[in-house]
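A.B. asks: Counting from 34, one number per residue, gives the positions in the sequence shown under our numbering. Using N, Cα and C, we set each Cβ at its ideal position, and we do this for glycine too. Got a structure here, written out as structure tokens. Questions coming.
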Amino acid sequence: MKILSALKSLLQLQIITLMLLAASSSWAETQGSGTPEQVVEQLQEALIKAMREGPELGYGGRYELLAPIINQSHDLDFIARTSLGANWTQLSAEQQRTFTDTFRKLSIATYASQFKEYDGERFEFLERQSMPREQVMIRSKLIQANGEPVRFDYILRQGKDGWRIVNILADGVSDLALKRVEYRAILQRDGFPKLVDMLKQKIEQAGKD
34 MKILSALKSL LQLQIITLML LAASSSWAET QGSGTPEQVV EQLQEALIKA MREGPELGYG
94 GRYELLAPII NQSHDLDFIA RTSLGANWTQ LSAEQQRTFT DTFRKLSIAT YASQFKEYDG
154 ERFEFLERQS MPREQVMIRS KLIQANGEPV RFDYILRQGK DGWRIVNILA DGVSDLALKR
214 VEYRAILQRD GFPKLVDMLK QKIEQAGKD
């Protein structure tokens, strides 16, 4: 009877342990994926850090600091495809890879170039709004040193890697919409090589700013 009781207690302990491990794993997955608010907050914290340490880090240091954050917070593959619209399917697989890789580098370079100095700026969360196609908008604003706000609205969608930013509206102007007009015009007028050259020139210019 003592042996049976001991085995029963051991079995119960194993079940409890497995339940705790499962709960811990589930919690870790939830924390890892992040809510839309957390995704935006992590990005904005990194941008403030880049600004605070901007002169010391230099462009290269800011690029290295922001690259993993931007790759994690943005669905850059989706944004790259969407920026070309129907033209995307007309590209070869190699051209698609080249464009996506160059677009990714430009996206990081732009952040590293623009967020380089700090003068007391801060981000403030405004609200979360539901959007069509199961997307979410996180509305926020950047308070500049002079007190003037710049509104940043982030559109996020949930994919296999969790919530990711797919568009940003600065004071109501869609970054993705601007890219679609510019990129498709160059692609249709001048061809794919010229489009990639233009992106590379912007990357080079970002490093000089």
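How many angstroms separate the CA atom of K138 from the CA atom of N179?
C.D. replies: Locating residue 138 in the sequence shown gives position 105, counting from the first residue. Locating residue 179 in the sequence shown gives position 146, counting from the first residue. Their Cα atoms are separated by approximately 31 Å.
A.B. asks: Could you check how far apart the C-beta atoms of I198 and F185 are, in whole angstroms? I think they sit under 8 Å.
C.D. replies: In the sequence shown, residue 198 corresponds to position 165, counting from 1. In the sequence shown, residue 185 corresponds to position 152, counting from 1. Not quite, the Cβ-Cβ distance comes to about 10 Å (not below 8 Å), so this is no contact.
A.B. asks: Would you report the Cα separation of Y96 and L80, rounded to the nearest angstrom?
C.D. replies: What you label residue 96 is simply residue 63 of the sequence shown in a count that begins at 1. What you label residue 80 is simply residue 47 of the sequence shown in a count that begins at 1. C-alpha separation (whole angstroms): 11 Å.
A.B. asks: Who are the near neighbours of K241 in its chain, counting only those whose CB is closer than 7 Å to its CB and skipping five residues on each side?
C.D. replies: Along the sequence shown, read from residue 1 onward, the residue named residue 241 stands at position 208. Counting only Cβ-Cβ distances below 7 Å, and skipping sequence neighbours, we find nothing.
A.B. asks: In chain order, what residues of the same chain have a beta carbon less than 6 Å from the beta carbon of L220, not counting five sequence neighbours either side?
C.D. replies: Working through the sequence shown from its first residue, we reach residue 220 at position 187. Here the set comprises N120, L228.
A.B. asks: Would you report the Cα separation of Q64 and I236, rounded to the nearest angstrom?
C.D. replies: Residue mapping note: residue 64 aligns to position 31 of the sequence shown, counting from 1. Residue mapping note: residue 236 aligns to position 203 of the sequence shown, counting from 1. Residue confidence for Q64 is low, a pLDDT of 39 falling below 50, so the modelled location carries little weight; the figure read from the coordinates is stated next. If I take the Cα positions, the gap works out to 34 Å.
A.B. asks: Kindly provide the ranges of any alpha helix (DSSP H) runs that are 4 or more residues long and lie completely inside the segment 82-162, ordered along the chain.
C.D. replies: For the segment 82-162, whole alpha helix (DSSP H) runs of length 4 or above, ordered along the chain, are 87-106, 109-117, 126-147.
A.B. asks: Which two residues bound the contiguous alpha helix (DSSP H) that contains D186?
C.D. replies: Locating residue 186 in the sequence shown gives position 153, where the first residue counts as 1. Careful: D186 lies outside any alpha helix (DSSP H), inside the beta strand (DSSP E) at 182-192.
A.B. asks: Looking at the structure shown, is Q177 part of a helix, part of a strand, or coil, going by DSSP?
C.D. replies: Taking the first residue of the sequence shown as 1, we reach residue 177 at position 144. If DSSP states are grouped into helix, strand and coil, Q177 belongs with coil.
A.B. asks: DSSP beta-bridge partners for R197?
C.D. replies: Within the sequence shown, the letter at position 164 stands for residue 197. According to DSSP, which records beta bridges pairwise, R197 is partnered with R190.
A.B. asks: Just to confirm the assignment, what range does the alpha helix (DSSP H) spanning E237 have?
C.D. replies: The residue labelled residue 237 in the question sits at position 204 within the sequence shown. Here the alpha helix (DSSP H) through E237 covers 225-241.
A.B. asks: Quick check on the burial criterion: 16 or more other C-beta atoms within 10 angstroms. Buried or exposed for F132?
C.D. replies: Residue numbering aside, residue 132 sits at position 99 when the sequence shown is read from its first letter. Under this definition F132 is a buried residue.
A.B. asks: Spatial neighbours of Q238 within its chain, please: CB distance less than 6 Å, with the 5 preceding and 5 following residues excluded, ordered by chain position.
C.D. replies: Reading the sequence shown from its first residue, position 205 is the one you call residue 238. Nothing meets the Cβ criterion.
A.B. asks: In its own chain, which residues sit with a C-beta less than 8 Å from the C-beta of P69, not counting the 5 before and 5 after it?
C.D. replies: Taking the sequence shown and counting its residues from 1, the one referred to as residue 69 is at position 36. So the qualifying residues of the chain are R161, V169, I171, Y187, L189, W196.
A.B. asks: Quick one, which of T135, S116, A142, Y151 has its alpha-carbon nearest E78's?
C.D. replies: Position 45 of the sequence shown, counted from the first residue, corresponds to residue 78. Per the Cα distances, Y151.
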